[in-house]
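Novice:
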Amino acid sequence: MNPVHLETLLAIVDEGSFEVAAAVLGVSPSAVSQRIKSLEKATGRVLVRRSSPATATEAGEVLVQAARRMALLQAETDSRLRGQLERVPLSVAVNADSLATWFRPVLADVAAFRSATLRLRIEDEAHTLALLRRGDVLGAITREATPVSGCDSMPLGVMRYRAVATPRLRDAYTRGGEVDWANMPALRFGPNDALQDSDLDGRLDDAVRRHRAVSQIPSSEGFLEATRVGLGWSLVPELQAGPLLASGELVLLDATVIEVPLYWQRWRLESDLLGRLTASVAAAAIELPPEPWMIDSWGSGAGPSASAHRP
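Throughout the sequence shown, residue numbering follows full-length UniProt numbering, covering 1 to 311 in sequence.
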């Protein structure tokens, strides 16, 4: 299979269009189109959906995975042979709350690699695994412990979420010592944010939920700020809420703690950079409280090791 054709397919999927892929590759759009037609002829399958953005078909996703593995290994090989600092792309899916809190030291570590670039895809931790399955990323922060085929899974710990609001909002929507969940304005991160809905299980039925006043803020930092100024109550990671709770700007609405287990899944691929990235993620996750079984397994519960994975 022609490596140039695979490289072209990967560029189309990453950039979302034939025209932008052509500009990135330094060739004409017609050349890109011809390469994909040749690849589709060779495989006997349609590989790209000619939509906006352009996406890979199921057959195309198989080749995208192969192309991304080849690109990573080729870049590392070139760097070793030439003694030059080739820019190796590290594509990672991470949820916004992790990026805003414990994941940040990973950015500094990758900066020190010097031979790598980081390409982050922001997605809810319940959905990042789909990007890994499709081959869009080589590593992902996810809720799923079971490894994707061809991947290793490493436990990181848990993200703890608490229901918080400003003191003024809490007082305005407290009746007889009970929070009026039905009428208190609420915040959601986005359309895929199921965390708040799960927190309301047993408190409100579905019919009542649909009539609540809900604001949508698709930014972790903006979400916290909207909570701080009283736009609505929200579920916020303890790592973010701590300083505002300590200052009294926010208060807890109840004693409930929602724990979301997080895992690092990565391709099972011999790559120095991918190994270093995994070690960096493991070191950064030391901020996360461990799951109970992790404490039992490791004694101190200090955190995961870079080589740890669950079957």
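Glycine is no exception: its CB is placed at the ideal position from the N, C-alpha and C atoms.
As the structure is a computational prediction, the values presented were derived from the model and not from experiment.
Going by DSSP, which residues form a beta bridge with residue 157?
Specialist: By one-based count along the sequence shown, residue 157 stands at place 157. Residue pairing by DSSP puts residue 157 in a beta bridge opposite 262.
Novice: At what residues does the alpha helix (DSSP H) containing residue 110 begin and finish?
Specialist: The count along the sequence shown starts at 1 and reaches residue 110 at position 110. Unbroken alpha helix (DSSP H) run through residue 110: 104-113.
Novice: Any idea which residues DSSP pairs residue 180 with across the strands?
Specialist: Here residue 180 refers to the residue found at position 180 when the sequence shown is read from its first residue. None, per the DSSP bridge assignment.
Novice: Quick one: using the 10 Å Cβ neighbour count with 16 as the cut-off for buried, is residue 240 buried or exposed?
Specialist: Counting from 1 along the sequence shown, the entry for residue 240 is found at position 240. Result: buried.
Novice: Check whether the stretch 264-281 touches the stretch 110-127, counting contact only when three or more Cβ pairs, one atom from each stretch, lie closer than 8 angstroms.
Specialist: yes
Novice: Residue 39: which of 27, 11, 1 and 66 sits nearest, CA to CA?
Specialist: In the sequence shown, the residue the question calls residue 39 occupies position 39. Answer by Cα proximity: 1.
Novice: Within its chain, find whatever has a CB closer than 6 angstroms to the CB of residue 220; leave out the 5 residues flanking it on each side and keep chain order.
Specialist: For the purposes of this step, residue 220 is identified with residue 220 of the sequence shown, where counting begins at 1. Counting only Cβ-Cβ distances below 6 angstroms, and skipping sequence neighbours, we find 96, 97 and 100.
Novice: Pop quiz: residue 265 and residue 109 are said to be a contact at Cβ under 8 angstroms. What is the actual Cβ separation, rounded to whole angstroms?
Specialist: By one-based count along the sequence shown, residue 265 stands at place 265. By one-based count along the sequence shown, residue 109 stands at place 109. Going by Cβ atoms, the distance from residue 265 to residue 109 rounds to 19 angstroms, so no, they are not a contact pair.
Novice: When you compare only the Cα positions, how much space is there between residue 175 and residue 257?
Specialist: Position 175 of the sequence shown holds residue 175. Position 257 of the sequence shown holds residue 257. Going by the C-alpha atoms only, they are around 22 angstroms apart.
Novice: Does the Cβ-Cβ distance between residue 187 and residue 223 come in under 9 angstroms?
Specialist: Locating residue 187 in the sequence shown gives position 187, where the first residue counts as 1. Locating residue 223 in the sequence shown gives position 223, where the first residue counts as 1. In contact: residue 187 and residue 223 (Cβ atoms closer than 9 angstroms).
Novice: Tell me whether residue 5 is buried or exposed, calling it buried when 16 or more other Cβ atoms sit within 10 Å of its Cβ.
Specialist: Translated into the one-based positions of the sequence shown, residue 5 becomes position 5. Burial call: buried.
Novice: Just the C-alpha distance for residue 48 and residue 58, rounded to the nearest angstrom, thanks.
Specialist: For the purposes of this step, residue 48 is taken as residue 48 along the sequence shown, with counting starting at 1. For the purposes of this step, residue 58 is taken as residue 58 along the sequence shown, with counting starting at 1. In a straight line, the C-alpha of residue 48 is about 9 angstroms away from that of residue 58.
Novice: Using a 10 Å radius around the Cβ and a threshold of 16 neighbouring Cβ atoms, would you call residue 11 buried or exposed?
Specialist: Here residue 11 refers to the residue found at position 11 when the sequence shown is read from its first residue. So residue 11 ends up on the buried side.
Novice: Quick check: the stretch 59-75 against the stretch 17-32, are at least 3 beta-carbon pairs closer than 8 angstroms?
Specialist: no
Novice: Please report the distance separating the alpha-carbon of residue 284 from that of residue 103.
Specialist: Here residue 284 refers to the residue found at position 284 when the sequence shown is read from its first residue. Here residue 103 refers to the residue found at position 103 when the sequence shown is read from its first residue. When the Cα atoms are used, residue 284 and residue 103 turn out to be separated by approximately 6 angstroms.
Novice: What is the DSSP secondary structure of residue 256, reduced to helix, strand or coil?
Specialist: As a working mapping, residue 256 is identified with position 256 in the sequence shown. DSSP places residue 256 in coil when its eight states are reduced to three.
Novice: Within a Cβ cutoff of 8 angstroms, which residues of the same chain sit near residue 134, ignoring the five residues on either side of it in sequence?
Specialist: By 1-based counting over the sequence shown, the position of residue 134 is 134. Hits under 8 angstroms: 56, 61, 64 and 65.
Novice: For a quick check, are the C-beta atoms of residue 69 and residue 129 less than 9 angstroms apart?
Specialist: Within the sequence shown, residue 69 is the residue found at index 69, counting from 1. Within the sequence shown, residue 129 is the residue found at index 129, counting from 1. It is not a contact, given that the beta carbons lie outside the stated cut-off.
Novice: If we ignore side chains and look at the alpha-carbon of each, how far apart do residue 255 and residue 179 end up?
Specialist: Residue mapping note: residue 255 aligns to position 255 of the sequence shown, counting from 1. Residue mapping note: residue 179 aligns to position 179 of the sequence shown, counting from 1. If I take the Cα positions, the gap works out to 12 angstroms.
Novice: For residue 168, report the span of its alpha helix (DSSP H) as first-last.
Specialist: Within the sequence shown, residue 168 is the residue found at index 168, counting from 1. That run of the alpha helix (DSSP H) goes 167-172.
Novice: Using a Cβ-Cβ cut-off of 6 angstroms (strictly less than) and excluding sequence neighbours within five positions of residue 167, which residues of its own chain qualify?
Specialist: The sequence position of residue 167 within the sequence shown is 167, counting from 1. Excluding positions up to five away in sequence, the list reads 251.
Novice: In chain order, what residues of the same chain lie with their CB nearer than 8 angstroms to the CB of residue 17, ignoring the 5 residues before and after it?
Specialist: Position 17 of the sequence shown holds residue 17. Within the same chain, residue 17 has close Cβ partners 52, 53 and 54.
Novice: Under a three-way DSSP split, which group does residue 235 fall into?
Specialist: What you label residue 235 is simply residue 235 of the sequence shown in a count that begins at 1. In the structure shown, residue 235 falls within a strand segment according to DSSP collapsed to helix, strand and coil.
Novice: Look at the Cβ atom of residue 161, then the Cβ atom of residue 260, and state whether they are nearer than 9 angstroms.
Specialist: The sequence position of residue 161 within the sequence shown is 161, counting from 1. The sequence position of residue 260 within the sequence shown is 260, counting from 1. Taking 9 angstroms as the cut-off, the Cβ atoms of residue 161 and residue 260 count as close.
Novice: With a CB to CB cut of under 6 angstroms and the five nearest residues on each side skipped, what residues in its chain are close to residue 243?
Specialist: Residue 243 sits at position 243 when you count from the first residue of the sequence shown. Answer for residue 243: no residue qualifies.
Novice: Shortest alpha-carbon distance to residue 290 belongs to which of 157, 195, 236 and 212?
Specialist: Working through the sequence shown from its first residue, we reach residue 290 at position 290. Answer by Cα proximity: 157.
Novice: Over what stretch of residues does the alpha helix (DSSP H) that includes residue 12 continue unbroken?
Specialist: The residue given as residue 12 occupies position 12 in the sequence shown. Segment 3-15, the alpha helix (DSSP H) holding residue 12.
Novice: Taking its Cβ as the centre, do 16 or more other Cβ atoms sit within 10 Å of residue 155, making it buried, or is it exposed?
Specialist: Position 155 of the sequence shown, counting from 1, holds the residue named residue 155. Buried: at least 16 other Cβ atoms inside 10 Å.
Novice: What would DSSP say about residue 84, mapped onto helix, strand or coil?
Specialist: Here residue 84 refers to the residue found at position 84 of the sequence shown. Note that residue 84 scores 47 on pLDDT, short of 50, meaning its location in the model is unreliable and no value can be drawn from it.
Novice: Give me the residue from 234, 195, 235 and 182 with the minimum Cα distance to residue 211.
Specialist: Working through the sequence shown from its first residue, we reach residue 211 at position 211. With distances taken between Cα atoms, residue 211 lies closest to 182.
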